[in-house]
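Novice:
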Amino acid sequence: MKNINAVEMKNISMIFNKKIIANKNINLDVKKGEVHALMGENGAGKSTLMSILFGIYEPTEGNIFINGKEEIISSPVKATKLGIGMVHQHFKLVDIFPVWKNIILGSEETQYKQIINKKKIIEDLTSIMKEYNLEVDLNAKVKDISVGMKQRVEILKILYRKAEIMVFDEPTAVLTPSEIDGLLKVIKELKGMGKTIILITHKMAEIKEVADRATIIRKGHYVGTFDVKKTSASKLAEAMVGRKIIEIKNTHKQNNNEDLIVIKNLNVKKHSNNKVLGLKNFSTTIKAGEILGIAGVEGNGQIELAEALSGMTKVDSGKIYVNDKNITHESISKRYNVHKMGFIPEDRHKFGLVLDANLITNVALQDISTKKYSKHGFINKTAMQTHTQKIISKFDVRNADAGFAIARQLSGGNQQKMIIGRELSRDNNFIIIFQPTRGLDVGSIEFIHSEILKAKEEGKAILLISYELSEILQLSDRILVLNSGQIVGEISGKNATREKLGEMMVSSVVE
Ligand SMILES: Nc1ncnc2c1ncn2[C@@H]1O[C@H](COP(=O)(O)OP(=O)(O)OP(=O)(O)O)[C@@H](O)[C@H]1O
Ligand SMILES: [Mg+2]
Numbered sequence: 001m002k003n004i005n006a007v008e009m010k011n012i013s014m015i016f017n018k019k020i021i022a023n024k025n026i027n028l029d030v031k032k033g034e035v036h037a038l039m040g041e042n043g044a045g046k047s048t049l050m051s052i053l054f055g056i057y058e059p060t061e062g063n064i065f066i067n068g069k070e071e072i073i074s075s076p077v078k079a080t081k082l083g084i085g086m087v088h089q090h091f092k093l094v095d096i097f098p099v100w101k102n103i104i105l106g107s108e109e110t111q112y113k114q115i116i117n118k119k120k121i122i123e124d125l126t127s128i129m130k131e132y133n134l135e136v137d138l139n140a141k142v143k144d145i146s147v148g149m150k151q152r153v154e155i156l157k158i159l160y161r162k163a164e165i166m167v168f169d170e171p172t173a174v175l176t177p178s179e180i181d182g183l184l185k186v187i188k189e190l191k192g193m194g195k196t197i198i199l200i201t202h203k204m205a206e207i208k209e210v211a212d213r214a215t216i217i218r219k220g221h222y223v224g225t226f227d228v229k230k231t232s233a234s235k236l237a238e239a240m241v242g243r244k245i246i247e248i249k250n251t252h253k254q255n256n257n258e259d260l261i262v263i264k265n266l267n268v269k270k271h272s273n274n275k276v277l278g279l280k281n282f283s284t285t286i287k288a289g290e291i292l293g294i295a296g297v298e299g300n301g302q303i304e305l306a307e308a309l310s311g312m313t314k315v316d317s318g319k320i321y322v323n324d325k326n327i328t329h330e331s332i333s334k335r336y337n338v339h340k341m342g343f344i345p346e347d348r349h350k351f352g353l354v355l356d357a358n359l360i361t362n363v364a365l366q367d368i369s370t371k372k373y374s375k376h377g378f379i380n381k382t383a384m385q386t387h388t389q390k391i392i393s394k395f396d397v398r399n400a401d402a403g404f405a406i407a408r409q410l411s412g413g414n415q416q417k418m419i420i421g422r423e424l425s426r427d428n429n430f431i432i433i434f435q436p437t438r439g440l441d442v443g444s445i446e447f448i449h450s451e452i453l454k455a456k457e458e459g460k461a462i463l464l465i466s467y468e469l470s471e472i473l474q475l476s477d478r479i480l481v482l483n484s485g486q487i488v489g490e491i492s493g494k495n496a497t498r499e500k501l502g503e504m505m506v507s508s509v510v511e
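Sequential numbering of the sequence shown, starting at 1, is according to full-length UniProt numbering.
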């Protein structure tokens with residue numbers, strides 16, 4: 001039998017608002033039963049191409065063939081009928097519903113049938129879970145399960161709808177390292193059962209582990225399709241960004257500066273449960289020109305530390321000093337404007353950007369009432385615009401329309417570059433940086449890392465919280481390891497290795 005392609009997208013073009021070329025003449029062939037990676041820089045057009053395949057957008061031009069037959073995929077319902085399922089980066093689940101109900105929501109079953117058939121539905125789901133080794137608690141409410149579990153629910157959802165072609169749009173960006181391992185196993189399992197998988201990820205290690213072939217697009221154009229086993233990681237990266245990538249490293253230049261931040265015996269209630277402490281008796285200092293890295297498994301006090309230092313959360317007890325001034329009870333805006341804080345939050349959609357405002361507004365946000373942008377009650381729009389344009393050029397924010405683009409329209413990675421650019425361009429003394437490169441392409445990561453090191457050289461005190469050990473190792477002067485809200489280890493950046501940090505991360509807490 002001739003080996004037909006499960007998916008063939010031919011000469012696909014997608015132009016938004018008559019001017020933004022998101023896809024131009026893209027070709028994508030995916031063989032039945034393979035794991036096919038879709039790679040490209042932030043804003044290259046990956047999500048757009050997959051949204052076309054899933055019937056969310058109608059392409060401006062091009063043809064799509066599913067299992068050899070040309071199809072017009074006019075809606076996600078049609079895509080589902082054709083056996084295409086998509087696991088989106090932002091989950092679409094109803095928090096207060098149990099898992100099983102979320103899975104069948106919007107499927108063929110009518111509401112009445114749902115209630116009558118609950119037993120049958122649970123039986124069906126249980127057998128799917130067994131078949132694919134995808135255990136979840138079907139009766140748990142979605143709000144009570146972890147991010148990794150929510151993703152499994154999304155996967156079950158499309159398996160329940162009998163998807164044969166499964167699209168994963170940056171599924172690992174939101175997961176912890178152990179959840180990532182779990183997901184990669186699931187993907188291998190799915191492939192073993194004959195499913196066809198399209199995987200979008202920026203992480204080369206993941207592509208190397210599970211993908212058979214990779215198609216690379218750059219700035220909306222098709223670059224090529226590569227055999228992953230036969231192509232080195234650096235070659236793939238080069239094809240993606242169009243140049244060689246160098247790994248940025250801290251030179252650990254000695255500084256004898258003063259302590260800029262002093263934290264004493266900080267106790268902070270847990271983010272998810274205010275009956276217990278999430279950060280316990282935390283003390284440290286950060287010098288001007290020092291990058292203090294915080295390593296640890298997610299959920300061990302990182303959020304509490306970032307929120308306490310930025311002023312988003314009240315502390316239970318303890319003190320925070322910036323330049324010898326006690327800021328423990330200062331408001332967020334005072335921390336920004338008087339004490340010159342910069343803050344790159346973890347949850348960028350919730351706290352980083354006003355998604356329905358344009359970029360100029362987003363850049364000017366914290367400064368709008370200060371002298372910088374207003375004079376005698378008038379807002380200086382030109383100054384706002386010029387500053388925004390500077391950030392856009394420097395941080396290579398794509399399709400920003402000179403700052404007039406609405407934040408929501410930017411690709412995920414470009415939204416992030418915008419926030420990082422804004423915070424690193426502010427005149428600040430200290431910067432709290434939480435997971436700065438989650439979801440960014442290799443070229444952007446390289447650039448952001450060099451900018452963080454520049455901020456260090458300018459004498460800023462930097463708290464870097466990251467779940468990526470490589471990032472902590474590359475950038476930190478000093479590293480603290482958190483476990484269960486406590487510091488369980490400290491090591492200089494120079495002496496740290498992945499192995500040593502790994503050991504410290506799982507070492508038990510001395511009570
Ligand atoms: N609805 C829209 N309206 C206008 N422009 C859009 C829209 N959706 C996407 N774009 C633009 O199309 C381009 C491609 O975006 P897309 O989201 O496909 O990129 P991506 O490759 O998925 O990037 P990332 O890795 O950052 O997620 C971007 O420059 C984006 O600004
Ligand atoms: Mg995307």
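C-beta: ideal position from N, C-alpha, C; glycine also. On a predicted model such as this, the values are computed, not experimentally measured, just so you know.
How big is the Cα-Cα spacing for Phe54 and Leu305?
Specialist: Taking the sequence shown and counting its residues from 1, the one referred to as residue 54 is at position 54. Taking the sequence shown and counting its residues from 1, the one referred to as residue 305 is at position 305. When rounded, the distance between both Cα atoms is 40 Å.
Novice: Between Met399 and ligand 1, is there a pair consisting of the residue's CB and a ligand heavy atom that are separated by less than 7 Å?
Specialist: For the purposes of this step, residue 399 is identified with residue 399 of the sequence shown, where counting begins at 1. According to the sequence shown, residue 399 is Asn rather than Met. Yes, Cβ of Asn399 sits closer than 7 Å to a heavy atom of ligand 1.
Novice: Please indicate yes or no: does the CB of Glu275 lie closer than 7 Å to some heavy atom of ligand 2?
Specialist: Counting from one through the sequence shown, the residue named residue 275 turns up at place 275. A small correction: the amino acid at residue 275 is Lys; Glu does not occupy that position in the sequence shown. No, Cβ of Lys275 sits at least 7 Å from all heavy atoms of ligand 2.
Novice: Please report the residue range of the alpha helix (DSSP H) in which Ser470 lies.
Specialist: Position 470 of the sequence shown holds residue 470. That run of the alpha helix (DSSP H) goes 469-475.
Novice: Which value, in whole angstroms, describes the spacing of the CA atoms of Lys319 and Ile419?
Specialist: Reading the sequence shown from its first residue, position 319 is the one you call residue 319. Reading the sequence shown from its first residue, position 419 is the one you call residue 419. So the alpha carbons of these two residues sit roughly 28 Å apart.
Novice: From the DSSP secondary-structure annotation, give me the bridge partner or partners of Ile431.
Specialist: Along the sequence shown, one-based indexing puts residue 431 at 431. Note: Ile431 sits in a beta bridge opposite Gly342, Ile462.
Novice: Looking at the unbroken beta strand (DSSP E) that takes in Gly62, where does it start and where does it end?
Specialist: For this step, residue 62 is matched to residue 62 along the sequence shown. From DSSP, the beta strand (DSSP E) with Gly62 extends over 61-66.
Novice: If you reduce the DSSP assignment to three classes, tell me which class Asn274 lands in.
Specialist: Start at 1 with the first residue of the sequence shown, and residue 274 comes out as number 274. DSSP places Asn274 in strand when its eight states are reduced to three.
Novice: Figure out for me which residue from Val241, Gly342, Glu451 has the closest Cα to the Cα of Glu41.
Specialist: Here the question's residue 41 lines up with position 41 in the sequence shown. If we check each option's Cα against that of Glu41, Val241 comes out closest.
Novice: Classify Glu511 as helix, strand or coil using the three-state DSSP reduction.
Specialist: Counting from 1 along the sequence shown, the entry for residue 511 is found at position 511. Low local confidence applies: a pLDDT of 48 at Glu511 is under 50, so the model's placement there is unreliable, and no value is given.
Novice: Between Leu480 and chain B, is any beta-carbon pair separated by less than 8 Å?
Specialist: Looking for chain B here will not work: only one protein chain is present.
Novice: For the alpha helix (DSSP H) that contains Arg335, what are its first and last residues?
Specialist: Stepping through the sequence shown from its first residue, residue 335 is reached at position 335. Where Arg335 is concerned, the enclosing alpha helix (DSSP H) stretches over 332-337.
Novice: So the candidates are Phe343, Glu499, Asp396, Pro171; which of them puts its Cα closest to the Cα of Arg426?
Specialist: Locating residue 426 in the sequence shown gives position 426, where the first residue counts as 1. If we check each option's Cα against that of Arg426, Phe343 comes out closest.
Novice: Per DSSP, Gly489 is paired with what?
Specialist: The count along the sequence shown starts at 1 and reaches residue 489 at position 489. Looking at the DSSP assignment, Gly489 forms a beta bridge with Val481.
Novice: Rounding to the nearest angstrom, what Cα-Cα distance links Gln89 and Ala173 in this structure?
Specialist: By 1-based counting over the sequence shown, the position of residue 89 is 89. By 1-based counting over the sequence shown, the position of residue 173 is 173. Distance between the alpha carbons of Gln89 and Ala173 is about 8 Å.
Novice: Considering only the beta carbon of each residue, do Val35 and Ala237 sit closer than 8 Å?
Specialist: Residue numbering aside, residue 35 sits at position 35 when the sequence shown is read from its first letter. Residue numbering aside, residue 237 sits at position 237 when the sequence shown is read from its first letter. Taking 8 Å as the Cβ cut-off, Val35 and Ala237 do not qualify as a contacting pair.
Novice: Grab the span of the alpha helix (DSSP H) containing His449 for me, first residue to last.
Specialist: Taking the first residue of the sequence shown as 1, we reach residue 449 at position 449. Segment 442-457, the alpha helix (DSSP H) holding His449.
Novice: For Ser146, is the classification buried or exposed, using 16 other Cβ atoms within 10 angstroms of its Cβ as the cut-off for buried?
Specialist: Residue numbering aside, residue 146 sits at position 146 when the sequence shown is read from its first letter. So Ser146 ends up on the exposed side.
Novice: Can you tell me whether Ile360 is helix, strand or coil according to DSSP?
Specialist: Position 360 of the sequence shown, counting from 1, holds the residue named residue 360. If DSSP states are grouped into helix, strand and coil, Ile360 belongs with the helices.
Novice: At what residues does the alpha helix (DSSP H) containing Glu121 begin and finish?
Specialist: Working through the sequence shown from its first residue, we reach residue 121 at position 121. Before going on, a small fix: residue 121 reads as Ile here, not Glu. Unbroken alpha helix (DSSP H) run through Ile121: 118-132.
Novice: Any chance the stretch 470-482 sits against the stretch 493-507, with 3 or more Cβ pairs inside 8 Å?
Specialist: Touching, yes, given that three or more Cβ pairs across the two stretches are closer than 8 Å.
Novice: Which runs of the alpha helix (DSSP H) spanning at least 4 residues fall entirely within the stretch 238-314, listed in chain order?
Specialist: 302-310, all fully within the stretch 238-314.
Novice: Taking buried to mean at least 16 other C-beta atoms within 10 Å of its own C-beta, is Asn428 buried or exposed?
Specialist: Reading the sequence shown from its first residue, position 428 is the one you call residue 428. It is buried - the Cβ of Asn428 has at least 16 other Cβ atoms within 10 Å.
Novice: Three-state secondary structure (DSSP) at Lys417?
Specialist: Position 417 of the sequence shown, counted from the start, is the residue given in the question as residue 417. Helix at Lys417.
Novice: Below 8 Å, can you find three or more Cβ-Cβ pairs linking the stretch 206-213 to the stretch 409-418?
Specialist: No, because fewer than three Cβ pairs between the stretch 206-213 and the stretch 409-418 fall closer than 8 Å, the two stretches do not touch.
Novice: Could you check if Thr48 belongs to the surroundings of ligand 1, using beta carbon to heavy atom distance under 7 Å?
Specialist: Translated into positions along the sequence shown, residue 48 becomes position 48. Yes; taking the cut-off as 7 Å, the Cβ of Thr48 has a heavy atom of ligand 1 nearer than that.
Novice: Under DSSP, the alpha helix (DSSP H) around Val228 begins and ends at which residues?
Specialist: Working through the sequence shown from its first residue, we reach residue 228 at position 228. Where Val228 is concerned, there is no enclosing alpha helix (DSSP H), given that its DSSP letter is neither H nor E.
Novice: Between Ser51 and ligand 2, is the CB less than 7 Å from at least one heavy atom?
Specialist: Translated into the one-based positions of the sequence shown, residue 51 becomes position 51. No, the beta carbon of Ser51 sits no closer than 7 Å to any heavy atom of ligand 2.
Novice: For Ile445, collect the residues of the same chain with a Cβ closer than 7 Å to its Cβ; drop the 5 residues on either side in sequence, then sort them by chain order.
Specialist: As a working note, residue 445 is residue 445 in the sequence shown. Answer for Ile445: Thr437, listed in chain order.
Novice: For Ile187, which option in Lys270, Tyr132, His202, Leu82 has the closest C-alpha, if you only look at C-alpha atoms?
Specialist: Position 187 of the sequence shown, counted from the start, is the residue given in the question as residue 187. Of Lys270, Tyr132, His202, Leu82, the residue nearest in Cα terms is Tyr132.
Novice: Roughly how many angstroms separate the alpha carbons of Leu266 and Lys314, rounded to a whole number?
Specialist: Position 266 of the sequence shown, counted from the first residue, corresponds to residue 266. Position 314 of the sequence shown, counted from the first residue, corresponds to residue 314. For Leu266 and Lys314, the distance between alpha carbons rounds to 11 Å.
Novice: Locate the beta strand (DSSP E) running through Glu8, then write down its first and last residues.
Specialist: On the sequence shown, position 8 is the one that residue 8 refers to. Element bounds for Glu8: 5-16.
Novice: Does DSSP put His387 in a helix, in a strand, or in coil?
Specialist: Working through the sequence shown from its first residue, we reach residue 387 at position 387. Helix.
Novice: So, do the stretch 281-293 and the stretch 143-162 have three or more beta carbon pairs nearer to each other than 8 Å?
Specialist: Cβ pair count under 8 Å is below three, so no.
Novice: Using only the heavy atoms of ligand 1, determine whether one of them is closer than 7 Å to the beta carbon of Asn17.
Specialist: On the sequence shown, residue 17 is found 17 positions in, with the first residue counted as 1. Yes - ligand 1 has a heavy atom lying nearer than 7 Å to the Cβ of Asn17.
Novice: Between Asp347 and ligand 2, is the CB less than 7 Å from at least one heavy atom?
Specialist: Stepping through the sequence shown from its first residue, residue 347 is reached at position 347. Outside the cutoff, so no.
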